[in-house]
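Numbering (the UniProt record's numbering), first residue to last: 1 to 201.
Beta carbons: idealized from backbone N, C-alpha and C, even for Gly.
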């Protein structure tokens with residue numbers, strides 16, 4: 001793995017606009033870019049190990065931050081349900097989603113404490129990724145179901161907030177894909193935590 005400055009000569013970055021309106025992804029082109037050998041991170045040829053070490057921080061700490069935000073959204077949604085009313089089925093679904101989110105948040109909080117203590121969590125972080133990816137998607141689906149008419153009509157929400165709600169829903173579609181798909185995470189868990197035999201490929 002080699003560190004390359006984003007503004008180094010020969011590096012061209014072209015942002016990609018997502019359906020949510022965000023521009024978090026980009027095409028990156030390297031044309032005759034030169035990098036000093038001292039910019040190598042870890043062992044030469046050992047980039048994969050470095051990347052996997054870093055991923056445990058992304059999956060654990062990022063997941064914790066996401067779930068804190070999601071819990072805030074659930075609190076706001078609950079207030080809306082109390083004010084505007086909700087069906088029994090919607091209240092039951094809210095309860096199920098809340099339990100899923102709270103469980104995922106407790107799990108990622110444990111991972112953050114382990115990382116802060118200098119412990120390598122390894123493949124355990126794949127469990128976090130599965131849980132917070134599903135939770136983020138579930139919450140945004142629930143918001144869309146319960147506030148659909150409210151959002152479409154724009155009642156009680158300004159245009160900017162309405163756009164934000166829509167963007168969050170679009171962004172949550174990628175929650176189980178980015179950083180490694182749910183299928184990849186299940187494969188890691190099966191191989192490294194459960195010791196299950198590998199699938200025939």
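Sequence-distant residues of its chain with Cβ nearer than 7 Å to residue 227 (five each side left out): Lying outside 1 to 201, the shown extent of the chain, residue 227 is not represented and no answer is given.
Residue of 10, 17, 51 minimising C-alpha distance to residue 180: In the chain shown, residue 180 corresponds to position 180, counting from 1. It is 51.
Taking Cβ positions, are residue 11 and residue 30 nearer each other than 8 Å? Taking the chain shown and counting its residues from 1, the one referred to as residue 11 is at position 11. Taking the chain shown and counting its residues from 1, the one referred to as residue 30 is at position 30. The answer is yes: Cβ separation under 8 Å.
Kindly indicate which three-state DSSP category residue 23 falls into: helix, strand or coil? Here residue 23 is taken as the residue at index 23 of the chain shown, counted from 1. Correct three-state label for residue 23: coil.
Grab the span of the alpha helix (DSSP H) containing residue 12 for me, first residue to last. Locating residue 12 in the chain shown gives position 12, where the first residue counts as 1. That residue, residue 12, is in no alpha helix (DSSP H); its beta strand (DSSP E) goes 11 to 16.
Between the C-alpha atoms of residue 109 and residue 32, what's the straight-line distance to the nearest angstrom? As a position in the chain shown, residue 109 is number 109, starting the count at 1. As a position in the chain shown, residue 32 is number 32, starting the count at 1. Cα-Cα distance, rounded: 43 Å.
Can residue 130 and residue 97 be called in contact, C-beta distance under 8 Å? Position 130 of the chain shown holds residue 130. Position 97 of the chain shown holds residue 97. Their beta carbons are not under 8 Å apart, which means residue 130 does not touch residue 97 by this criterion.
Rounded to a whole number of angstroms, what is the C-alpha to C-alpha distance between residue 125 and residue 65? Looking up residue 125 in the chain shown gives position 125. Looking up residue 65 in the chain shown gives position 65. Whole-angstrom Cα-Cα distance: 14 Å.
State buried or exposed for residue 155, treating a residue as buried only when at least 16 other CB atoms are found within 10 Å of its CB. Here residue 155 corresponds to residue number 155 of the chain shown, with the count starting at 1. Interpretation of residue 155 is limited by its pLDDT of 43, a score under 50 that renders its predicted location unreliable; no figure is taken from the coordinates.
Measuring CB to CB, does residue 2 end up less than 8 Å from residue 40? Here residue 2 is taken as the residue at index 2 of the chain shown, counted from 1. Here residue 40 is taken as the residue at index 40 of the chain shown, counted from 1. Contact flag set, yes.
Roughly how many angstroms lie between the CA atoms of residue 42 and residue 106, to the nearest whole one? Position 42 of the chain shown, counting from 1, holds the residue named residue 42. Position 106 of the chain shown, counting from 1, holds the residue named residue 106. Using only the alpha carbons, I get a separation of about 32 Å.
Can you tell me which of 198, 132, 80, 197 puts its alpha carbon nearest to the alpha carbon of residue 182? As a position in the chain shown, residue 182 is number 182, starting the count at 1. Considering only alpha carbons, the answer is 132.
Which stretch, first to last residue, makes up the alpha helix (DSSP H) that contains residue 111? Here residue 111 corresponds to residue number 111 of the chain shown, with the count starting at 1. Per DSSP, residue 111 is one residue of the alpha helix (DSSP H) stretching across 88 to 116.
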